[in-house]
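Enquirer: Sharing a structure, written as structure tokens. Questions coming.
Protein chains: 2
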Amino acid sequence: MDGVNPTNVQALVRRTHEERVLAALRERGGLSRSQIAERVGLSRTTLSEITGVLIGRGAIIVTKTDGDVRRGSGRRAELLALDPSSGQFLGVDLGHTRVRMVVADAAHEELASGVATYDASLGWPARRQAAFDLIDAVAVEHGLHFGALQGIAVGVAGPDAGARHAAHEAFAERFDCPVVVDNNTRLAALAEAMTEDTPGDLAYVRLSDGIGGGLVIGGRLVAGGLGAAGEFGHVRVVRGDQPGARCRCGKRGCLETVASLPAVIAAAGVPDAAALAAAVAAGDPDATSAVDTAADALAKVLADAALVLSPARIVIGGSLPRVAPQIVARVAAAVGAELAAVGSGLPDVRAARLDDEDGVRGAIAALYQQSPLLAGYVDPLEPPTTVSRGSARV
Amino acid sequence: MDGVNPTNVQALVRRTHEERVLAALRERGGLSRSQIAERVGLSRTTLSEITGVLIGRGAIIVTKTDGDVRRGSGRRAELLALDPSSGQFLGVDLGHTRVRMVVADAAHEELASGVATYDASLGWPARRQAAFDLIDAVAVEHGLHFGALQGIAVGVAGPDAGARHAAHEAFAERFDCPVVVDNNTRLAALAEAMTEDTPGDLAYVRLSDGIGGGLVIGGRLVAGGLGAAGEFGHVRVVRGDQPGARCRCGKRGCLETVASLPAVIAAAGVPDAAALAAAVAAGDPDATSAVDTAADALAKVLADAALVLSPARIVIGGSLPRVAPQIVARVAAAVGAELAAVGSGLPDVRAARLDDEDGVRGAIAALYQQSPLLAGYVDPLEPPTTVSRGSARV
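Chains as they are written, first to last, in full-length UniProt numbering: chain A, 1 to 394; chain B, 1 to 394.
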């Protein structure tokens, strides 16, 4: 170890252990000491020393025992979390017909939330104003001043980069803090991953008015080098002599023309989603056939993606699986058949756990992954110029 | 910044900057100061202070100017690199008919390399012995004692987890250092990514006796949660009424039955690869048709993967594109047509740059990504028990 002072090395190692503990709490909210020890790969003894120092410094607090969530018996473990007052995080989901917002603290506790609806024909300036009005109304109602706002994440519908830029500009001008903008379906993928004990790898597809998706690899959301990862909806599934229906993207036979909610409603010959749900529940042959066709096309797309990505989990969300839940089991069986021959394990195929709040929860999760300053602790990967930001407290 | 001593914070920030500079040099070998500054996001002034300290400490050295590699004019810039004597890295590629090895130092300079062939019918014990004999012979010839061996990476053919475990056990028993084992096609993907100025995102497919591939996302090799990422060869491309040829995986109509070298040779009605190359070069209609069919099937698989992953680059390697180079342009055109409608940018589709040495270069690259101890500097993310390893010098 020529040229390195052992005392400095010890201090550096300890600092780094502290940073890893804080990073785990930043991403996951409340965790017990044994959960932290497993996650960061430290012994219980080393971890106890570190959490003792961090509690003494006020960077983390003991929130409660885990008795309300844990399974099995045994002594209740204390849950540790970042000092809640050290930061606020605002998540916004700007959908086609409504805007949702959630404010959470550094301990991942929800402070307030709200939703407002608007007409799908409204332009961007009116939607932006609706979002700002909602945030103001919720802030007044809950006495929030956003004095320790660490960041805002905004989910927007669709892959349009122009919409993302407009949203970024508007929120950055209105709020003096970092702003992250992403496709709200991709944020939903992140939110689903965060419902797992170990976020790991996940391929998420959402079947609603359109079809979108997202990838989480190594616990991180993947945008792709070109920024458009997750476009499952525009993989073509109708091939050969049949041309397939025209897709809104301009191609023919995309998955979206077969497995979106409107496509299945049309194929089943019913007027709307409620009628489709009733027909599926009653075992109507046309409705069943339309759902099965959608499931088989989706299974082919997901199996091909799983051969390339080898994800541990595949999650199916959106309105179609809520109307026709059997789609999940049929896709799981078909994906399993396609992958069994190649000898790797099989992914767990499941329905989404989160409902319409998935986008706004994903927005908050994206902030927890990116937040530079928490618990009064400097993220050493950021240059010192960011340190002063957000140091005012509520 | 309650509770945090500003002096400690400054020291921590400086330490972290040093670690980022060292990490950049570890992964990329020699870099100029401006290349480092761009890569780690520091100003030239801050960077010069840091490199001055690191040079003074002996952790990094000035290797040479970049006059032999840079384009354009202007003053030559010094290239900085990690102290070469601080570590050795051994890469091994165990193929079906030959084993290759390369030894490199911490500055990414190749110290020695070698290759030995064996019969494809040889079992694992004989292959392992061939690898050890090759390493011993090269070490004697070049006077290497492996006294500062930081790690060994071994590429093995095929997705068989048993083969990977056997290789790991054998090399870990023979050499007292960390061993990494991965599929050699995946390592080839990493090697291709490392030929780029910015490794970024890349989807790699290799068309040879079989078809394999690999993904690099955010500069890192992706194994997938189930560990089998990159199995492009077993995506089914023959569908509908045509059953497709039986694949060695048990399914019918996999890409491998259409676009592997043996499949194209059979479809072209020629006896071997040399005859296929001659027929393709002469414009023989059967050979051209067989190559076009392979290219179209590959394009469909790669376009679907690109819709999901949105990679900046797609790289086509292996023996088939060497025999029939036109395959790359045809795939590029078809992928572009499939992606144009969805409005993201188009990936750069190119032929592989590396030849049969890609696996062993990828193995070395994997070590540079993972190496825990370099330049006499403790990686603070590793517990102190790893510090003593590798401190002996040649």
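Cβ atoms here follow ideal geometry from the backbone N, Cα and C, with glycine treated the same way.
Please classify T195 (chain B): does DSSP put it in a helix, a strand, or coil?
Expert: Coil, per DSSP.
Enquirer: Rounding to the nearest angstrom, what Cα-Cα distance links V342 (chain A) and H165 (chain A) in this structure?
Expert: Near 43 Å, if we compare the C-alpha coordinates of H165 (chain A) and V342 (chain A).
Enquirer: In terms of residues, what are the limits of the alpha helix (DSSP H) holding E141 (chain A)?
Expert: Here the alpha helix (DSSP H) through E141 (chain A) covers 124-142.
Enquirer: Could you check what DSSP says for E27 (chain A) in three-state terms: helix, strand or coil?
Expert: Helix, per DSSP.
Enquirer: Which first and last residues belong to the alpha helix (DSSP H) in which E338 (chain A) is found?
Expert: Its alpha helix (DSSP H) spans residues 326-340.
Enquirer: Between the Cα of V328 (chain A) and the Cα atoms of A:A24, A:D358, A:Y204, which residue gives the shortest distance?
Expert: If we check each option's Cα against that of V328 (chain A), A:Y204 comes out closest.
Enquirer: Going straight from the alpha carbon of V394 (chain A) to that of S85 (chain A), what length do you get?
Expert: Residue placement at V394 (chain A) is poorly supported in this model, since its pLDDT is 25, which falls under 50; the coordinates still yield a value, given next. Using only the alpha carbons, I get a separation of about 8 Å.
Enquirer: Might you give, ordered along the chain, the residues of its own chain that have their beta carbon closer than 8 Å to the beta carbon of V69 (chain B), omitting 5 neighbours on each side?
Expert: Caution is warranted here: a pLDDT of 48 is assigned to V69 (chain B), below 50, making its placement in the model unreliable, and no coordinate value can be reported.
Enquirer: Which residue wins for smallest C-alpha separation from R186 (chain B), given the options B:L202, B:G87, B:S113?
Expert: Selected option, being the one with the closest Cα: B:L202.
Enquirer: Please list, in chain order, all residues of the same chain as L122 (chain B) whose beta carbon is under 8 Å from its beta carbon, the five residues on each side excluded.
Expert: Cβ neighbours of L122 (chain B) beyond the five flanking positions: A130.
Enquirer: Could you list which residues in chain A have their beta carbon closer than 7 Å to that of E192 (chain B), in chain order?
Expert: Correct list: empty, because the minimum Cβ distance to chain A is about 14 Å.
Enquirer: Count the other CB atoms, across all protein chains shown, that sit within 10 Å of the CB of S388 (chain B); report buried if there are 16 or more and exposed otherwise.
Expert: Caution applies to S388 (chain B), whose pLDDT of 26 falls short of 50 and renders its modelled position unreliable; the value that the coordinates give is listed next. Exposed: under 16 other Cβ atoms inside 10 Å.
Enquirer: How should S34 (chain B) be labelled, buried or exposed, when 16 other C-beta atoms within 10 angstroms of its C-beta is the threshold for buried?
Expert: Per the 10 Å Cβ criterion, exposed.
Enquirer: For a cutoff of 8 Å on Cβ pairs, would you count G336 (chain B) as touching chain A?
Expert: With 8 Å as the cut-off, G336 (chain B) does not count as an interface residue toward chain A.
Enquirer: Residues bridged to T117 (chain B) by DSSP?
Expert: T117 (chain B) pairs with B:R98.
Enquirer: Can you look up V156 (chain B) in the DSSP assignment and give me helix, strand or coil?
Expert: In the structure shown, V156 (chain B) sits in a strand (DSSP, three-state: E or B).
Enquirer: Between R98 (chain B) and V115 (chain B), what straight-line distance do the alpha-carbon atoms span, to the nearest angstrom?
Expert: Taking the straight line from one Cα to the other gives about 7 Å.
Enquirer: So what's E256 (chain B) in DSSP terms, helix, strand or just coil?
Expert: Of the three classes helix, strand and coil, the one that applies to E256 (chain B) here is helix, per DSSP.
Enquirer: For my contact list, L307 (chain A) and E231 (chain B) are in at a C-beta cut-off of 8 Å; report their separation, rounded to the angstrom.
Expert: With 8 Å as the limit, L307 (chain A) and E231 (chain B) qualify as a contact, their Cβ atoms being about 4 Å apart.
Enquirer: Could you name each continuous alpha helix (DSSP H) segment of 4 residues or more that falls completely within the segment 226-280 of chain B, going from the start of the chain to the end?
Expert: Segments of the alpha helix (DSSP H) lying fully in the segment 226-280 of chain B: 256-259, 261-268.
Enquirer: With H, G and I counted as helix, E and B as strand and the rest as coil, what does DSSP make of F146 (chain A)?
Expert: Coil, per DSSP.
Enquirer: Excluding the five sequence neighbours on either side, which residues of its own chain have a C-beta within less than 6 Å of the C-beta of G95 (chain B), listed in chain order?
Expert: Same-chain partners within the cutoff: A157.
Enquirer: When you compare each of A:D133, A:R206, A:V331 to F171 (chain A) by their alpha carbons, which one comes out closest?
Expert: Answer by Cα proximity: A:D133.
Enquirer: Pick from B:I265, B:G336, B:V323: whose alpha carbon is nearest that of V281 (chain B)?
Expert: It should be noted that the sequence gives Ala, not Val, for residue 281 (chain B). Among B:I265, B:G336, B:V323, the Cα nearest to that of A281 (chain B) is on B:V323.
Enquirer: Give me the Cα-Cα distance between G155 (chain B) and G147 (chain B), rounded to the nearest whole angstrom.
Expert: Rounded to the nearest angstrom, the two C-alpha atoms are 23 Å apart.
Enquirer: Give the interface partners of C249 (chain B) over in chain A, defined as CB-CB distance under 9 Å, in chain order.
Expert: Those are A341, V342, G343, listed as they occur along chain A.
Enquirer: Starting from S319 (chain B), find everything on chain A with Cβ-Cβ shorter than 9 Å and list it in chain order.
Expert: Residues of chain A passing the Cβ test: none, with the nearest at roughly 22 Å.
Enquirer: Can you tell me whether DSSP reads R70 (chain A) as helix, strand or coil?
Expert: With a pLDDT of 48 at R70 (chain A), under the threshold of 50, the modelled position of this residue cannot be trusted; read the value that follows with caution. DSSP places R70 (chain A) in coil when its eight states are reduced to three.
Enquirer: Just to confirm, is the Cβ distance from A312 (chain A) to L215 (chain B) under 8 Å?
Expert: Taking 8 Å as the Cβ cut-off, A312 (chain A) and L215 (chain B) do not qualify as a contacting pair.
Enquirer: Is any beta-carbon of chain B found at less than 8 Å from that of residue 399 (chain A)?
Expert: For residue 399 (chain A) there is no data in the structure shown, the boundaries of chain A being 1 and 394.
Enquirer: Could you tell me which of A:L25, A:L298, A:V181 sits nearest to I55 (chain A), measuring between CA atoms?
Expert: Of the listed residues, the one whose Cα sits closest to I55 (chain A) is A:L25.
Enquirer: Determine whether the beta carbon atoms of V238 (chain B) and G253 (chain B) lie at a separation below 8 Å.
Expert: Their beta carbons are under 8 Å apart, which means V238 (chain B) touches G253 (chain B) by this criterion.
Enquirer: Enumerate in chain order the residues of its own chain whose CB-to-CB distance from V179 (chain B) is below 6 Å, with the five nearest sequence positions on each side excluded.
Expert: Result list for V179 (chain B): I152, H168, F171, A172, in chain order.
Enquirer: What is the DSSP secondary structure of residue 398 (chain A), counted as helix, strand or coil?
Expert: Because chain A is modelled from 1 through 394, residue 398 (chain A) falls outside the range shown and cannot be assessed.
Enquirer: Among the candidates A:A365, A:L111, A:R127, A:T63, whose CA atom is the shortest distance from the CA of A139 (chain A)?
Expert: The shortest Cα separation from A139 (chain A) among A:A365, A:L111, A:R127, A:T63 belongs to A:L111.
Enquirer: Kindly say whether P243 (chain A), judged by its beta-carbon, lies nearer than 8 Å to any beta-carbon of chain B.
Expert: Closer than 8 Å: no.
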